[in-house]
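First up is the structure itself, then whatever we jot down about it.
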Amino acid sequence: MSLAPLIVGVTIEVTRGARARRLFALGVTAGVVYFSGTLYWIAGVMAQHGGIPMAVATALMLGLAAHLSLFVGLFAWLIGRSVRRYGASGIWWAPALWVATEWLRAWLGWQCPWVLLGSSQASVLPVVQLASVTGVYGLSALLALVSTAAAAVTLGGHRRHVRGAIAVGALVLLVVAGGTWRVRAAALETTGAPIRVGLLQGNVPQDEKSNPAMADAILDQYEALSRQVIGSGAQLVLWPEASVPFYFDLDDRATPVRRLAAEARVPFIVGTDAFEGGSNGAPNRFYNTAVLVGTDGRSLASYRKVRLVPFGEYVPFKKLLFFVGPLIESVTDFTPGTEFKVFEVEGTRLSVAICYEAVYGRIAQSFVSGGSELLTTITNDAWFGRSSAAYQHFDQAALRAVEQGRYLVRAANTGISGAVDPYGRVLAKSALFETASLTVDVRLLSGRTIYHTIGDVVAWLAVAMTAGLLWTTRRQRTA
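Numbering-wise, the numbering used here comes out as the position in the sequence shown, counting from 1, plus 1.
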C-alpha cells in the first residue's frame, strides 16, 4: 500500500476547506480498499468452513475491513490536522502518524497486526535488515517516509520539499547499503551450535483432520514422514499445529510416536489439542497445544497457545453475531494459555509459536527473553486454501527471524513449511498442498539484536509525536 495518493488527497481536501469527517471518510475508504484486497480470503474461509452463505461471509469480511480501516481514517484525520497547522509541510508528520495508528491497530479492538505496512518488505533482503534495529514499525516508518516524499514533490515541488525528498532518497540508499553489507557479512552463520531439524507437512485436508475414521491413516502418514527426516539425520522433528486428531497426552494411540522418539533418540514437537475437565461446576477447557516429546518418549513439557484467532478459536461478541449461527456452532471455544514457555531438551532451548502468534513481534521477543535459541512455528493453513493468506503468513513469520536474530523453522499442515535464517533468507520452502518432509540445518543462537534490546521504541516515539501534534493543534484552536 502506497500512502502517497491518500496524503495528496487529504492535503487537497484541506485546501478546499473540507471538514474533519470528510478527511476521516477518505481514509476509511482507502483502508477498506486495502484490507479488502489483503483479507479477501476470510470470506471464503467462513463460507467453506463456517457453513454460512457467501453473501453473509463477504459482509462479515467487509465489516472486519471497515473496523481495521478506522485506524486509516484516524491517520487521514491527523494528517489533515497537521496540514491545517503547518501548511503543506505538515505532511512530513505522516510517518509518525502512520506508525502510531498501526501500533494502535495492533493493541486496540481485535489487536490485529496482520499485514502491517512494514511486513511487505519481508523478502526485500537489503531493506528488511532494518528490522533487526527498529522492528517492523521501523520498516513501516521508512515506507511511509518514502510515500511522504513522493507526495511532497507531487503537491508542489517547493525547494524545501525537493530537498526533503532527496534526503529521503539518501536515507533509503543508506539503509540498502547497510542491509546489503549485513547480509553479505552473515556473521551469524558461523556462530552457535548447528542442529538439523526435520519439518513435516502431512497435507491433510481440513475436512479429514477431525474425522475419527481418518485418525489411524493420519498418524501412519506422520510416522512415515518422521522416519524420513530421522533417516536424513534430523535431531529434532517438528509436526504441524493440531496434527493428531486426538488428545496426544490422553490417548494410547500416541504410543507409536513415543516409541519412535525413544528408538531414534530424537525429540519431537507435536501439535495437538489438550483437554482439561472442569471441576465443581467449572466448564471443560480446551487448549491449542504443542507437546515436547523427549528422547525417552515421554512428554516433557507443553506450550498452550496464548494468542487465539478470532472466529477460528473463539467468536467475539457472540450475542451480537447471532445471525451467523453456523459459524458460531463450528468454532470450538479454546482457552488461551498464560505463559510464553520455552522448551529445553538435550541442551537446546527453543520456542513454539502456534499459527497466528507468529504475526506478533512482541511474542517472539518474549520467547527470546525467556532464553529461546531457535524460533519454531507450527500452523495449519489448510483453512486458507490457495489464497494469498498462506504466503502472507509465511512472510510475517520470516520477519520475526530478522527482528530477533534467530533462525526460524516452520511446519505447516498444507504448507508453506520451511526455514529462514536470521537475515530473512529462505533456506527451504515447500509448495502448497503437497505432502512433504524437509530436513534443514540451522543454528542455535543466543545473541540479542538491537531491536530485541530496545523494543518498539520507534512506535513509542511515533505515539509521542502524535500526542505532541494533537496538543499543538489544540493550543492553536484554543488560542
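Positions of the beta carbon are idealized from the N, C-alpha and C atoms, including for glycine.
Identify, in the order they occur along the chain, each residue of the same chain with its Cβ nearer than 6 Å to the Cβ of residue i, setting aside the five sequence neighbours on each side.
i    : result
S438 : L201, L226, Q229, V230
G326 : Residue confidence is low: G326 scores 48 on pLDDT, short of 50, so the model does not pin down where it sits. Its coordinate-derived value is still stated next. Cβ neighbours of G326 beyond the five flanking positions: none.
A150 : A166, V169
V258 : none
L75  : T102
P127 : V177, G180, T181
A265 : I231
W111 : P311
F269 : V238, A262, V294
S367 : F341
G338 : R305, K306, V307
M55  : A48
Excluding the 5 residues preceding and the 5 following residue i in the sequence, name in chain order all residues of the same chain whose CB lies nearer than 8 Å to its CB.
i    : result
R183 : Q130, S133, Y424
N212 : P246
Would you kindly report the start and end of the unbroken beta strand (DSSP E) that includes residue i?
i    : result
T195 : Checking the displayed sequence, the identity of residue 195 turns out to be Pro instead of Thr. Element bounds for P195: 194–202.
S300 : 300–305
Y288 : 286–294
T454 : Unbroken run through T454 is the alpha helix (DSSP H), 451–455; no beta strand (DSSP E).
D442 : 437–445
T336 : Segment: none, T336 is in no beta strand (DSSP E) and carries neither H nor E.
I379 : 375–380
R350 : 349–355
Roughly how many angstroms separate the alpha carbons of residue i and residue j, rounded to a whole number?
i    : j    : result
V173 : S121 : 16 Å
S370 : E340 : 13 Å
A262 : L293 : 11 Å
D382 : R475 : 47 Å
T440 : H394 : 21 Å
A60  : Y41  : 11 Å
A402 : E209 : 32 Å
I455 : M466 : 18 Å
D253 : I355 : 24 Å
R86  : W78  : 13 Å
L237 : G52  : 38 Å
G81  : V15  : 6 Å
L470 : S83  : 7 Å
L428 : V198 : 12 Å
R286 : I92  : 50 Å
L251 : E277 : 10 Å
W99  : L109 : 15 Å
A216 : Y223 : 11 Å
E358 : G18  : 44 Å
D334 : N289 : 10 Å
V137 : T256 : 43 Å
A365 : D396 : 15 Å
A480 : I8   : Confidence at A480 is low in this model, with a pLDDT of 36, below 50, so the placement of that residue should be treated as unreliable; the coordinate-derived value is given next. Taking the straight line joining both Cα atoms gives about 27 Å.
N414 : L4   : 36 Å
D422 : G139 : 20 Å
Quick one: give me the first and last residue of the alpha helix (DSSP H) that residue i is part of.
i    : result
D208 : 207–210
Y408 : Neither: Y408 is in no alpha helix (DSSP H) and is coded neither H nor E.
R20  : No alpha helix (DSSP H) holds R20; DSSP gives it neither H nor E.
F249 : Per DSSP, F249 belongs to no alpha helix (DSSP H) and is neither H nor E.
L118 : Run containing L118: none; DSSP gives neither H nor E here.
T135 : 132–135
V343 : Premise fails: V343 is in no alpha helix (DSSP H) and is neither H nor E.
R161 : 160–186
G157 : Per DSSP, G157 belongs to no alpha helix (DSSP H) and is neither H nor E.
L4   : Careful: L4 lies outside any alpha helix (DSSP H) and carries neither H nor E.
A262 : 256–265
G91  : Here G91 belongs to no alpha helix (DSSP H), and DSSP marks it neither H nor E.
D1   : The displayed coordinates of the chain run from 2 to 480. Any statement about residue 1 would go beyond what the structure contains.
Counting only C-beta atoms, is residue i closer than 8 Å to chain C at any point?
i    : result
Y408 : As a matter of chain content, chain C is missing from the structure shown, which is built from one protein chain.
What residues in its chain sit with their C-beta under 7 Å from that of residue i, if we drop five residues either side in the sequence?
i    : result
L146 : P96, V169
T473 : R86
V443 : I196, V198, L375, Y408, V410, A420
R260 : G298
V464 : A101, W104
T336 : R286, F287, Y288
H162 : A153, V154
A432 : G416
On the premise that residue j lies in contact with residue i, defined as a C-beta separation below 8 Å, what is that separation, rounded to the nearest angstrom?
i    : j    : result
E374 : N204 : Not confirmed; about 30 Å, so no contact.
R305 : Y361 : Going by Cβ atoms, the distance from R305 to Y361 rounds to 16 Å, so no, they are not a contact pair.
S141 : L118 : 4 Å
G32  : V73  : 3 Å
**Study point:** the stretch 21–38 contacting the stretch 65–72, beta-carbon criterion three pairs below 8 Å
**Key:** Taking a cut-off of 8 Å for Cβ pairs, the stretch 21–38 and the stretch 65–72 touch, as three or more such pairs fall below it.
**Study point:** Segment contact flag, the stretch 371–378 with the stretch 297–308, C-beta cutoff 8 Å, min 3 pairs
**Key:** These segments do not touch.
Practice item. Inspect the CB distances between the stretch 246–260 and the stretch 460–470 and report whether three or more fall short of 8 Å. Key: Verdict: no, contact absent.
Check your understanding: So does the stretch 407–417 actually touch the stretch 154–163, counting three or more Cβ pairs closer than 8 Å?
Key -> Flag = no, the stretch 407–417 and the stretch 154–163 do not touch.
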